[in-house]
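Note that the sequence shown ends on residue 796 in my numbering; no numbers are left out. Idealized CB from N, CA, C, for every residue including glycine.
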Amino acid sequence: MKKLMAANWKMYKTWDEAKSTAEELVKLTAAKLPDDREVLVFPSFTALRGVAQALAWQAGFSAGGQDYYIEEEGAFTGEISPKMLKDAGAAYGLTGHSERRHILGEDDEYIGQKTAYGLASGLKVVLCVGEKIEDRKNDMVEDVLERQIRMGLKNVPTDIAPDRLSIAYEPVWAIGTGEVAGPEEISAAHGFVRKILFSIFGDNANEMRILYGGSVKPDNCAEIIALDNVDGVLVGGASLEGESFSKIVLA
Ligand code: 13P
């Protein structure tokens, strides 16, 4: 299984900025990318086509949309569909990110609809899950993860090709804080995620990637991706500069 090294650029970068960062990333990593790595960038919608074009001719590189609505088209002002993302060059979609859960108010039910709809529309999907600090303090990590995963995957066919679905474990308290989860915390959470996936998908769960996200940096990435059940990373802040993200990709 190839490790998936993913960048989430959130609401940063204009078209020009995004395209030049994507080009720099290709320049710094394409020739050296190990066979067991894939690179994925989630830019803003307005920069998606430019980034997808910059990555298009490189084996192992792809682009994705940070969000989408659950219809192909229609009177849904401000929304964007998987069909439009694919048209702009996206192979992936992202669902359940903590900023959409906790700032934009998306609930488990809607995230589940979105995950299934994106897959049915031909996108590969990365579903994000993760506990808040109070959940951890109250010993509720497994309850939160199990609920988010089961609701998030409720309508996903159990025979889905395993390379089309990934889970990103992103503890909310580690996102953008500089505070990274420790190796035991990451191993425990990822082992638990694998167990839940196994109970839903059987042996195919072993081929689904589980990414870690939350303050991944060039100097902690190698240690994190070496842990059991860590099949890649989802990086925010440290992915915004080509040089910094290229160190993570090649870590
Ligand atoms: P940071 O890497 O900035 O902590 O963000 C993580 C994240 O939210 C990726 O989706």
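- Placement of the Cβ of G657 at a distance of 7 Å or more from every heavy atom of the ligand 13P is found.
- For the ligand 13P, a non-hydrogen atom lies closer than 7 Å to the CB of G721.
- At a cut-off of 7 Å, the beta-carbon of E617 does not count as near the ligand 13P: no heavy atom of the ligand is closer than that.
- Between L639 and V671, the beta carbon gap of about 5 Å places them in contact (Cβ cut-off 8 Å).
- Across the structure, G747 and D708 are spaced so that their CA atoms are roughly 14 Å apart.
- Contact annotation: the region 710–728 touches the region 753–760, with at least three C-beta pairs closer than 8 Å.
- For R709, no beta strand (DSSP E) segment is defined, and its DSSP state is neither H nor E.
- When A750, E618, V794, G697 are compared, the shortest CA-CA separation from I769 is found for V794.
- Within 7 Å of the C-beta of H642 there is at least one heavy atom belonging to the ligand 13P.
- Assignment of N553 by DSSP, reduced to helix, strand and coil, places it in the strand class.
- Relative to the ligand 13P, the nearest heavy atom lies less than 7 Å away from the CB of G782.
- As DSSP reads the structure, G721 sits in no beta bridge.
- The alpha-carbon of H647 is positioned some 28 Å away from that of S789.
- Here the distance from the Cβ of L795 to the nearest heavy atom of the ligand 13P is not below 7 Å.
- With a threshold of 16 other beta carbon atoms within 10 Å, S744 falls short and is exposed.
- No Cβ-Cβ contact shorter than 8 Å links S626 with C673.
- For the pair G721 and N553, the CB atoms are not nearer than the 8 Å cut-off.
- For L785, the secondary structure class from DSSP, reduced to helix, strand or coil, is coil.
- Straight-line spacing of the CA atoms in I741 and V586 works out to 27 Å.
- Non-local beta-carbon contacts of Q658 in its own chain, meaning distances under 6 Å to residues more than five positions away in sequence, involve I615 in chain order.
- Excluding its 5 nearest sequence neighbours in each direction, F737 has C-beta neighbours in its own chain below 7 Å: E687, L690, listed in chain order.
- A contact is defined here as three or more CB-CB pairs under 8 Å, and the region 585–603 meets this definition with respect to the region 561–568.
- The criterion of a C-beta distance shorter than 8 Å is not satisfied by Y637 and G605.
- Ranked by Cα distance from E583, the options A783, D776, E676 are led by D776.
- Taking 8 Å as the cut-off, the Cβ atoms of A726 and G697 do not count as close.
- In the structure shown, the three-state DSSP call for L600 is helix.
- Looking at the DSSP output, L756 sits in a beta bridge with A713.
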